[in-house]
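Before any comments, here is the structure.
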Amino acid sequence: MNRKTLLIGFLFVGATAMLLMSFHYLGGEDSGILKNKPLKDTLWYRLSFLGHIAFGLTAMALGPFQFVNRLLQNAPRLHRGMGFVYCLAVAGSGATGLVIAQFAMGGLISRVGFSVLSLLWLGSLGMALKKIWAGDVDQHKYWMTINYALTFSSITQRSLLLFAFIPAIPFLPVYQLSAWLPWMVNVAIALSWAGKRVPGQVFHR
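FYI, in our numbering the residues of the sequence shown are -18 to 186.
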């Protein structure tokens, strides 16, 4: 089993775990971090929060399929269709994420961190679309790799927040760190992965 197969498998496992961990937000009851939000009973905030979750879960679930060579080669129309839905999901989650980031707990550190994440998420999507519209498939793959690394940062963030369950570690500093470190680590890994290959070989080893 090569490294690419292991990586794709890891993405599918991570996406499945995120789906299972986040469905409770869509159940109609306040739960998780939402129940501590001062604006949770405000319609526009609740819609933004739930929209961020729903769109994000959609992007998380569809993303790994976009890196499966067999799907790309044997079912290009399905690949494009799923890619279209993925792009809409990232746009929706990124936009609503930028809204709710302005009210993140942890003050300016958290707000700026999550805002930068949303802007990079939307920006990398824009670059990926620009490249595919220009017919540059190699650079499209490159930017989609970066984009899904940002999508997957929600998994990295949840993993980091587990440290807050250790009694000796206060929650707020961990949460502030989680606004920055997860997406920075994911992008660094994605850039390292992509940088070892010519653009046309991203995820094609």
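Just so it is clear, CB atoms sit at the ideal spot from N, CA and C, and this is done for glycine as well.
Treat the numbers as computed from the prediction; the structure is a model and nothing was measured.
Distance between residue 102 and residue 149, taken at the CA atoms: about 33 Å. Here residue 46 carries a helix assignment [DSSP, helix/strand/coil].
Per DSSP, reduced to three states, the secondary structure at residue 148 is coil, with no helix or strand assignment. Per DSSP, residue 87 lies in no alpha helix (DSSP H) segment and is marked neither H nor E. The stretch 91 to 99 and the stretch 150 to 160 touch, with no fewer than 3 CB-CB distances between them shorter than 8 Å. The shortest C-alpha to C-alpha distance from residue 29 to any of 60, 86, 78 and 106 is the one to 78.
In the displayed model, residue 161 falls within coil according to three-state DSSP, outside both helix and strand.
Sixteen is the threshold: since fewer than 16 other Cβ atoms of the shown chains lie within 10 Å of the Cβ of residue 118, the residue is exposed. Listed in chain order, the non-local C-beta contacts of residue 125 below 6 Å within the same chain comprise 109, local neighbours out to five positions each way being set aside. Residue environment analysis places residue 143 among the exposed positions, since fewer than 16 neighbouring C-beta atoms fall within 10 angstroms of its C-beta. Separation of residue 154 and residue 91 (C-alpha to C-alpha, rounded to the nearest whole angstrom) is 10 Å. Residue 81 sits away from residue 105, with the two beta carbons spaced by 8 Å or more. Assigned with DSSP and collapsed to three states, residue 30 falls in helix. Between residue 47 and residue 67, the beta carbon gap of about 6 Å places them in contact (Cβ cut-off 8 Å). For residue 174 and residue 136, the gap between their C-alpha atoms comes out near 19 Å.
In the DSSP assignment, residue 126 falls within the unbroken alpha helix (DSSP H) covering 118 to 132. Between the C-alpha atoms of residue 41 and residue 145 there is a straight-line separation of about 24 Å. Distance check between residue 167 and each of 107, 147, 156 and 141 places 141 closest, using alpha-carbon atoms only. DSSP places residue 77 inside the alpha helix (DSSP H), whose first and last residues are 57 to 82. By alpha-carbon distance to residue 62, the top candidate from 152, 44, 169 and 73 is 44. Distances from the alpha-carbon of residue 27 to those of 121, 84 and 151 put 84 closest.
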